[in-house]
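Residue numbers for the sequence shown follow full-length UniProt numbering, beginning at 5 and rising by one.
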Amino acid sequence: TTSVHLAQRPTGLPVEETWEIRRTELPDELEEGQFLVVVDYISLDPAMRGWLNDVRSYIRPVQVGELMRANATGTVTASRHPDFAEGQAVVGPFGVTEHAISDGTGVTAIDTQLAAPPTWLGALGMPGHTAYFGLHDVGELKSGDTVLISGAAGAVGSVAGQLAKAQGCTVIGVAGGTEKCQWLEEIGFDAAVDYKSDNVLKKLREIAPDGIDVFFDNVGGEILDAGLANLRRGARVVICGAISSYNETSLPPGPSRYLSLLVFRAKMQGFVVFDYADRYPEAVEKVGEHISNGTLTARETVLEGGVTAFNEALQGLFKGVNTGKLVLKV
Ligand code: NDP
Numbered sequence: 005t006t007s008v009h010l011a012q013r014p015t016g017l018p019v020e021e022t023w024e025i026r027r028t029e030l031p032d033e034l035e036e037g038q039f040l041v042v043v044d045y046i047s048l049d050p051a052m053r054g055w056l057n058d059v060r061s062y063i064r065p066v067q068v069g070e071l072m073r074a075n076a077t078g079t080v081t082a083s084r085h086p087d088f089a090e091g092q093a094v095v096g097p098f099g100v101t102e103h104a105i106s107d108g109t110g111v112t113a114i115d116t117q118l119a120a121p122p123t124w125l126g127a128l129g130m131p132g133h134t135a136y137f138g139l140h141d142v143g144e145l146k147s148g149d150t151v152l153i154s155g156a157a158g159a160v161g162s163v164a165g166q167l168a169k170a171q172g173c174t175v176i177g178v179a180g181g182t183e184k185c186q187w188l189e190e191i192g193f194d195a196a197v198d199y200k201s202d203n204v205l206k207k208l209r210e211i212a213p214d215g216i217d218v219f220f221d222n223v224g225g226e227i228l229d230a231g232l233a234n235l236r237r238g239a240r241v242v243i244c245g246a247i248s249s250y251n252e253t254s255l256p257p258g259p260s261r262y263l264s265l266l267v268f269r270a271k272m273q274g275f276v277v278f279d280y281a282d283r284y285p286e287a288v289e290k291v292g293e294h295i296s297n298g299t300l301t302a303r304e305t306v307l308e309g310g311v312t313a314f315n316e317a318l319q320g321l322f323k324g325v326n327t328g329k330l331v332l333k334v
């Protein structure tokens, strides 16, 4: 089988030399309690960039020489595990590899009748859970709120915006480029701001003159500042991520507008989706309902090329090649 391992820690954007492509033989036999998965789609996540840094974080960094960590979907093709039968479609932390031998840790069966495997890495997977818990538990979303989402055309952002719409909120998205902004309006966003051509701060003042109640930020940097400059009294700023800084080699400037939190009696809180693990089924159920009744469009961008195309695929996230969830087909 072919798999991708960390060869050396990158400075800035990962490059081909960051990785080692390894070819290994699968063992002839499984041990009791194990099963074999043939991987079909690998999730590409901005967080992967953080896992490459040797720093204290919410999860142990990937070590040099280790298989690159990734969520993936696949099919069980052999099993000596009581809960996973041959033929079962699954999602789990299989890594960037064509085959995985698993003991079931972190693995869940998926219903491919309800949605195709890539959706289980997107709206029905970790990004969808992030949108759901970030909005409701951290953002304390209420019907009628004016909601701002950055990184709005991505995996987390597009689900967050649609969930807020379904709850009767006014939703503004920020994304890069006209096509992504058009798509946001197609899936129900009330307005979309193209940060590549618009002055986001000014534009938000025009679109939401009374300010924003919930700001779900995936981007950080100038876009975080633009949102902070447009809050409403009692606003909740949800720090989901800051993709604009993940490849920076020096620290970004602090949020220069943070005093808005004082002026508007607002709060800003970060969160990690893993802390909601025992409630993932609730997120799957709620997002699944919206997909089934047509109030939520789950979209994925599927890249071809298999595991050896992993580096290029990962770079795609930072270039914004994706609309919806980015996955790599094995
Ligand atoms: P996306 O599907 O949103 O993909 C990344 C997108 O980010 C790109 O498509 C691109 O869209 C945008 N982007 C890339 N570089 C920049 C930049 N410099 N400035 C502005 N936008 C940029 O990824 P996810 O939905 O998986 O993740 C979104 C965010 O959520 C990330 O910050 C991630 O770290 C975070 N996250 C946090 C979790 C948590 O537990 N807190 C869990 C999961 C994700 P565009 O073309 O619009 O620029």
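In this text, a Cβ means the ideal position worked out from N, Cα and C, and glycines have one as well.
Rounded C-alpha distance that separates Pro310 from Pro122: By one-based count along the sequence shown, residue 310 stands at place 306. By one-based count along the sequence shown, residue 122 stands at place 118. The sequence shown places Gly at residue 310, rather than the Pro named in the question. If I take the Cα positions, the gap works out to 14 Å.
Local Cβ density within 10 Å of Leu263, reported as buried at 16 or more and exposed below that: In the sequence shown, counting from the first residue as 1, residue 263 sits at position 259. Leu263 comes out exposed.
Which of helix, strand or coil DSSP assigns to Glu183: Position 179 of the sequence shown, counting from 1, holds the residue named residue 183. Glu183 falls in the helix class under three-state DSSP.
Three-state class that DSSP yields for Ser260 in the structure shown: Here residue 260 refers to the residue found at position 256 when the sequence shown is read from its first residue. The answer is coil: DSSP assigns Ser260 none of H, G, I, E or B.
Cβ distance (whole Å) where Ser75 is taken to contact Ser154 below 8 Å: On the sequence shown, residue 75 is found 71 positions in, with the first residue counted as 1. On the sequence shown, residue 154 is found 150 positions in, with the first residue counted as 1. The question names Ser, but residue 75 in the sequence shown is Asn. In fact, because the Cβ distance is near 23 Å, the residues do not count as touching under 8 Å.
Reduced DSSP secondary structure (H/G/I, E/B, other) of Phe314: Your numbering for residue 314 matches position 310 in the sequence shown. Helix, per DSSP.
His133, enclosing alpha helix (DSSP H) - first and last residue: Counting from 1 along the sequence shown, the entry for residue 133 is found at position 129. Per DSSP, His133 belongs to the alpha helix (DSSP H) from 130-137.
Rounded separation between residue 350 and Leu40 - CA only: An answer regarding residue 350 cannot be provided, because it is not within the stretch 5 to 334 covered by the chain.
Closer than 6 Å: Gln185 CB and nearest the ligand NDP heavy atom: Position 181 of the sequence shown, counted from the start, is the residue given in the question as residue 185. Reading off the sequence, residue 185 comes out as Cys, not Gln. Incorrect: Cys185 has no Cβ contact closer than 6 Å to the ligand NDP.
Euclidean distance between Cα positions of residue 4 and Gly177: Summary: the structure shown does not reach residue 4, with the chain confined to residues 5 through 334, and so no result is reported for it.
Minimum C-alpha distance to Thr109 - residue among Gln117, Thr116, Val95, Ala119: On the sequence shown, residue 109 is found 105 positions in, with the first residue counted as 1. With distances taken between Cα atoms, Thr109 lies closest to Val95.
Residue(s) in a DSSP beta bridge with Leu307: Translated into the one-based positions of the sequence shown, residue 307 becomes position 303. Note: Leu307 sits in a beta bridge opposite Leu332.
contact_flag[the region 166-181, the region 272-286] where n(CB pairs < 8 Å) is 3 or more: no
Range of the contiguous alpha helix (DSSP H) that encloses residue 4: For residue 4 there is no data in the structure shown, the boundaries of the chain being 5 and 334.
Alpha-carbon spacing of residue 4 relative to Leu128, whole angstroms: Because residue 4 is not part of the residues shown, which for the chain are 5 to 334, the question remains open.
Same chain, Cβ closer than 6 Å to Gly224, neighbours up to 5 away in sequence not counted: Residue mapping note: residue 224 aligns to position 220 of the sequence shown, counting from 1. Correct list, in chain order: Ala246, Ser248, Ser249.
beta-carbon Ser264 near the ligand NDP non-hydrogen atom, thresh 6 Å: For the purposes of this step, residue 264 is identified with residue 260 of the sequence shown, where counting begins at 1. No, since every heavy atom of the ligand NDP falls outside the 6 Å radius drawn around the Cβ of Ser264.
Segment contact flag, the region 300-309 with the region 319-328, C-beta cutoff 8 Å, min 3 pairs: yes
Any non-hydrogen atom of the ligand GTP closer than 6 Å to Pro257 Cβ: The ligand GTP is not part of the structure shown, which contains the ligand NDP as its ligands.
Where Tyr45 falls: helix, strand or coil (DSSP): For the purposes of this step, residue 45 is identified with residue 41 of the sequence shown, where counting begins at 1. Correct three-state label for Tyr45: strand.
Counterpart residues of Leu10 in DSSP-defined beta bridges: Numbered from 1 along the sequence shown, position 6 holds the residue referred to as residue 10. DSSP, once it has assigned bridges, lists Trp23 as partnering Leu10.
Reduced DSSP category for Arg283 - H, G, I as helix; E, B as strand; rest coil: In the sequence shown, residue 283 corresponds to position 279, counting from 1. It is helical.
Assigned exposure category for Pro285 - 16 Cβ within 10 Å defines buried: On the sequence shown, position 281 is the one that residue 285 refers to. So Pro285 counts as exposed.
Supposed close pair Pro50, Asp58 - CB separation, criterion 8 Å: As a working mapping, residue 50 is identified with position 46 in the sequence shown. As a working mapping, residue 58 is identified with position 54 in the sequence shown. No, Pro50 and Asp58 are not in contact; Cβ-Cβ is about 18 Å, not under 8 Å.
Assigned secondary structure, Gln273 (DSSP; H/G/I helix, E/B strand, else coil): Indexing the sequence shown from 1 puts residue 273 at position 269. Of the three classes helix, strand and coil, the one that applies to Gln273 here is strand, per DSSP.
Closest Cα partner of Thr299 within the set Leu71, Val242, Ala196, Ile191: Taking the sequence shown and counting its residues from 1, one reaches residue 299 at position 295. The shortest C-alpha separation from Thr299 is found at Ile191.
Through-space distance from Gly238 to Leu71, alpha-carbon basis: Position 67 of the sequence shown holds residue 71. Position 234 of the sequence shown holds residue 238. When rounded, the distance between both Cα atoms is 44 Å.
DSSP-derived helix/strand/coil call for Gly110: Residue numbering aside, residue 110 sits at position 106 when the sequence shown is read from its first letter. In the structure shown, Gly110 sits in coil (DSSP, three-state: anything other than H, G, I, E or B).
Neighbourhood of Leu152 by C-beta, 6 Å cutoff - its chain only, sequence neighbours within 5 removed: Here residue 152 refers to the residue found at position 148 of the sequence shown. Taken in chain order, the residues that qualify are Ile176, Ile216, Phe219, Gly231.
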